[in-house]
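Peer 1: What follows is a structure written as structure tokens; I'll ask about it next.
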Amino acid sequence: MDEQTSPPPQSDRVDRIVAGFLRTLVDHGTDCEPAELARTGAVALDLATACLARHLGAVEETRPETRAQAMLQRIDAFIEHNLGDPDLTPRRIADRHNISLRTLYTLFGDRPAGVAGTIRRRRLERCHADLARPGLRDRPVQAIAARWGFANHSTFNRAFREAYGTTPTRHRARALAALPGPDGRTTGRTTGPTTGRAGGC
């Protein structure tokens, strides 16, 4: 069936988004940091509220600002669920939610990073976390980057340096060195995010 010509009812699409997001949260929640869980938990609550409101026929009775916020939360969930897709773009997001690019940009107007910047930041956060996981120490850096939608190695390295002030390889080495050894001691410390650039590769 051609989804473009015969799209499912809007309520069904919302239900699918909520169900898909919750399944992903259940499957991968144990891999998330506490801050990530708090953020995704808030998104899950807002999505569930929007879904229930639609089923109760209350959406049209809400203020435009409330409907806009509900749409933004659905878009946030869609982005989170599709971060690994290198083709995740503002145009695809707008088309998927039956809104114009202008409306999408307006929804993200209060966010300094904008739509594309939000996608990039969240992808970098996932890469930053995965590179510090002991269970992924043998996975190549580029494989982790590709997992979260970075198809170009140079683009990923540049973005990572700009966000964290170090290279992905150095971040991984420092993070793993900071893990406790058999004697309970650590050999180094991790570096936190920064807006500065770092030299080297």
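Oh and the sequence shown: position 36 is 36 in UniProt numbering, straight run, nothing missing. Note that the Cβ used here is the ideal one computed from N, Cα and C, for glycine as well. Since this is a predicted model, take the numbers as computed values, not measurements.
1. Quick check on Ala19: buried or exposed, where buried means 16 or more other Cβ atoms within 10 Å of its Cβ?
2. Apart from the five residues on each side of it in sequence, which residues of its chain come closer than 6 Å, Cβ to Cβ, to Pro86?
3. What number of angstroms, rounded off, separates the C-alpha of Arg111 from the C-alpha of Leu179?
4. Measuring CB to CB, does Pro90 end up less than 9 Å from Ala116?
5. For Arg139, name the three-state secondary structure that DSSP assigns.
6. Within a Cβ cutoff of 8 Å, which residues of the same chain sit near Phe108, ignoring the five residues on either side of it in sequence?
7. Excluding the 5 residues flanking Arg126 on each side, which residues of the same chain have their C-beta closer than 7 Å to its C-beta?
8. Could you check which residue in Ala177, Ala129, Arg137 and Arg120 has the C-alpha nearest to that of Glu162?
9. How long is the line joining the alpha carbons of Thr106 and Ala44, rounded to whole angstroms?
10. Can you tell me whether Asp130 is buried or exposed? The criterion is at least 16 other CB atoms within 10 Å of its CB, across all chains shown.
11. Take the Cβ of Val141 as the centre, count every other Cβ of all protein chains shown within 10 Å, and call the residue buried at 16 or more, exposed below.
12. Can you give the Cα-Cα distance for Arg133 and Thr30, rounded to whole angstroms?
13. Take Leu124 as the anchor and find which of Ile75, Val26 and His171 has the nearest alpha-carbon.
14. Just the C-alpha distance for Ile144 and Arg74, rounded to the nearest angstrom, thanks.
15. Given this structure, state the Cα-to-Cα distance separating Arg16 from Leu88, to the nearest angstrom.
16. Taking only the alpha-carbon atoms, compute the straight-line gap between Thr66 and Arg23 and give it to the nearest angstrom.
Peer 2: On the basis of the supplied data:
1. Here residue 19 is taken as the residue at index 19 of the sequence shown, counted from 1. Exposed, by the Cβ-count rule.
2. Against the sequence shown, residue 86 aligns to sequence position 86. Result list for Pro86: Gly149 and Ala151, in chain order.
3. Counting from one through the sequence shown, the residue named residue 111 turns up at place 111. Counting from one through the sequence shown, the residue named residue 179 turns up at place 179. Their Cα atoms are separated by approximately 35 Å.
4. Looking up residue 90 in the sequence shown gives position 90. Looking up residue 116 in the sequence shown gives position 116. Yes.
5. Against the sequence shown, residue 139 aligns to sequence position 139. Correct three-state label for Arg139: coil.
6. Here the question's residue 108 lines up with position 108 in the sequence shown. Cβ neighbours of Phe108 beyond the five flanking positions: Leu72, Gly114, Val115 and Thr118.
7. One-based indexing of the sequence shown puts residue 126 at position 126. Within the same chain, Arg126 has close Cβ partners Leu83 and Trp148.
8. The sequence position of residue 162 within the sequence shown is 162, counting from 1. Out of Ala177, Ala129, Arg137 and Arg120, Arg120 has the C-alpha closest to the C-alpha of Glu162.
9. For the purposes of this step, residue 106 is taken as residue 106 along the sequence shown, with counting starting at 1. For the purposes of this step, residue 44 is taken as residue 44 along the sequence shown, with counting starting at 1. Cα-Cα distance, rounded: 23 Å.
10. What you label residue 130 is simply residue 130 of the sequence shown in a count that begins at 1. Buried: at least 16 other Cβ atoms inside 10 Å.
11. Here residue 141 refers to the residue found at position 141 of the sequence shown. Buried is the call here.
12. Taking the first residue of the sequence shown as 1, we reach residue 133 at position 133. Taking the first residue of the sequence shown as 1, we reach residue 30 at position 30. Taking the straight line from one Cα to the other gives about 13 Å.
13. In the sequence shown, counting from the first residue as 1, residue 124 sits at position 124. Of Ile75, Val26 and His171, the residue nearest in Cα terms is His171.
14. Here residue 144 refers to the residue found at position 144 of the sequence shown. Here residue 74 refers to the residue found at position 74 of the sequence shown. Spanning the two alpha carbons is a distance of roughly 26 Å.
15. Translated into positions along the sequence shown, residue 16 becomes position 16. Translated into positions along the sequence shown, residue 88 becomes position 88. So the alpha carbons of these two residues sit roughly 18 Å apart.
16. Counting from one through the sequence shown, the residue named residue 66 turns up at place 66. Counting from one through the sequence shown, the residue named residue 23 turns up at place 23. Those two C-alpha atoms are separated by around 26 Å.
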